[in-house]
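>
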Amino acid sequence: MRKIEKGSLALLEKWKRANKGKKYADLVGREDIKDAIRHACVTEQHGLCAYCCCRITAEKDSACNEHVEAQHLAPNRTLDFGNIVASCINAGRCDKAHGHQPLPLTPLMIECEDELQFELSGLVAGTTPRARECIKVLNLGDTRKFNKGLIEERKNMIDYLLYSNGVNPAELVVEEDGMLDLLIDDMLRVNVQGELQAFSPVLVNVIRRLNALQAS
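In this text, residue positions in the sequence shown follow the numbering used here: the first is 20, and each later residue adds one.
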């Protein structure tokens, strides 16, 4: 996960002022607003799913408007743009797994970048009870039993990102600190379309953790 900096959406705020007391479910026939929400969220997230960090676009067949605090649990926040992110629509994970469950650790919290720890293998582990619950709720792949597909997807992209930057994954732990710092900088840099590379926050997480282990 990567901390998302939320902004505001003028079109949504205008509709809310004219429709006091309404909820997200009341946006019937207002696909323009739903599309605007999705587009704004994808832009804020630099083209990455809020939860698993796979590549998404603003198209309906790629992403959906996901309520971090579920609509069923927080009916007063269904039109709060600060509570809406763009999620991938892959079966069995992220939005599709979340449902109405409470989510104790979210991409709106800076702690998500530290409490979820990724491995070169593609596996993820939680360092706190809330992180482990987050992994469980979103099915982010702490064991191959639960989400082998996502784990392999992450590992393949980690390998690709490393090889494309001249780093052998097997030798990552012996790379010079300066090289790893440059690699982190590259992973945090958006392209001309304002997008980050798919799963780049995962690789940044791996490198920072390895750096911390080497320093200890």
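Glycine included, every Cβ here is placed at the ideal spot set by N, Cα and C.
In whole angstroms, give me the CA-to-CA distance for S140 and L157.
As a first step, residue 140 is located in the sequence shown; it is residue number 121 there, counting from the start. As a first step, residue 157 is located in the sequence shown; it is residue number 138 there, counting from the start. S140 and L157: Cα-Cα distance of roughly 19 Å.
> If you count every other CB in all the chains shown that lies within 10 Å of the CB of D114, and 16 or more means buried, which is it?
Here the question's residue 114 lines up with position 95 in the sequence shown. Classification for D114: buried.
> Can you give the Cα-Cα distance for G204 and D133, rounded to whole angstroms?
Start at 1 with the first residue of the sequence shown, and residue 204 comes out as number 185. Start at 1 with the first residue of the sequence shown, and residue 133 comes out as number 114. Note that residue 204 corresponds to Asp in the displayed sequence, not to Gly. So the two alpha carbons sit approximately 17 Å from each other.
> If you draw a straight line from the alpha carbon of F165 to that of E85, how long is it in whole angstroms?
Residue numbering aside, residue 165 sits at position 146 when the sequence shown is read from its first letter. Residue numbering aside, residue 85 sits at position 66 when the sequence shown is read from its first letter. Answer to the nearest angstrom: the Cα atoms are 22 Å apart.
> So, do the segment 100-111 and the segment 74-92 have three or more beta carbon pairs nearer to each other than 8 Å?
yes
> Please determine if the segment 216-233 and the segment 120-136 are in contact, where contact requires at least 3 C-beta pairs separated by less than 8 Å.
yes
> Kindly list the residues whose CB is nearer than 7 Å to the CB of I170, restricted to its own chain and excluding five residues on each side of it in sequence; keep chain order.
Numbered from its first residue, the sequence shown carries residue 170 at position 151. For I170, where only same-chain residues beyond five positions count, the Cβ hits under 7 Å are G141, L142, G160, R163.
> What separation, rounded to the nearest whole angstrom, lies between the Cα atoms of R228 and E138?
Position 209 of the sequence shown, counted from the first residue, corresponds to residue 228. Position 119 of the sequence shown, counted from the first residue, corresponds to residue 138. Taking the straight line joining both Cα atoms gives about 9 Å.
> Would you grab the beta carbon distance between R96 and L124 for me? Rounded to a whole angstrom, and I think it's under 8 Å.
Sequence index remark: in the sequence shown, residue 96 carries index 77 (1-based). Sequence index remark: in the sequence shown, residue 124 carries index 105 (1-based). Contact flag wrong, Cβ pair sits at about 18 Å.
> On a CA-only basis, which of P126, L232, C153, D178 is nearest R21? Give me that one, please.
Within the sequence shown, numbered from 1, the residue matching residue 21 stands at position 2. R21 has its Cα closest to that of P126, out of P126, L232, C153, D178.
> Would you kindly check if the distance between the Cβ of S219 and the Cβ of Y206 is under 7 Å?
Stepping through the sequence shown from its first residue, residue 206 is reached at position 187. Stepping through the sequence shown from its first residue, residue 219 is reached at position 200. Going by the sequence as given, residue 206 is Met instead of Tyr. A contact, by the Cβ cut-off of 7 Å.
> Are the CB atoms of F100 and L46 within a distance shorter than 7 Å?
What you label residue 46 is simply residue 27 of the sequence shown in a count that begins at 1. What you label residue 100 is simply residue 81 of the sequence shown in a count that begins at 1. No. Outside cutoff.
> Provide the residue(s) that pair with H86 in DSSP beta bridges, ordered along the chain.
On the sequence shown, residue 86 is found 67 positions in, with the first residue counted as 1. Residue pairing from DSSP places H86 in a beta bridge opposite I103.
> So the candidates are L232, K167, K42, Q233; which of them puts its Cα closest to the Cα of Q90?
Position 71 of the sequence shown, counted from the first residue, corresponds to residue 90. Selected option, being the one with the closest Cα: K42.
> Over the uninterrupted alpha helix (DSSP H) stretch that includes G168, give me the two end residues.
The residue given as residue 168 occupies position 149 in the sequence shown. Start and end: 163-183.
> Grouping DSSP H, G and I as helix and E and B as strand, with all else coil, what is V223?
Your numbering for residue 223 matches position 204 in the sequence shown. Helix.
> Which stretch, first to last residue, makes up the beta strand (DSSP E) that contains L248?
Nothing in the structure corresponds to residue 248, since the chain is present only between 20 and 235.
> At a Cβ threshold of 7 Å, is H86 touching chain B?
Included in the structure is just one protein chain, with no chain B present.
> Restricting to Cα atoms, I'd like to know which of L215, G40, Y182, L232 is closest to P94.
Here residue 94 refers to the residue found at position 75 of the sequence shown. Relative to P94, the option among L215, G40, Y182, L232 whose CA is nearest is G40.
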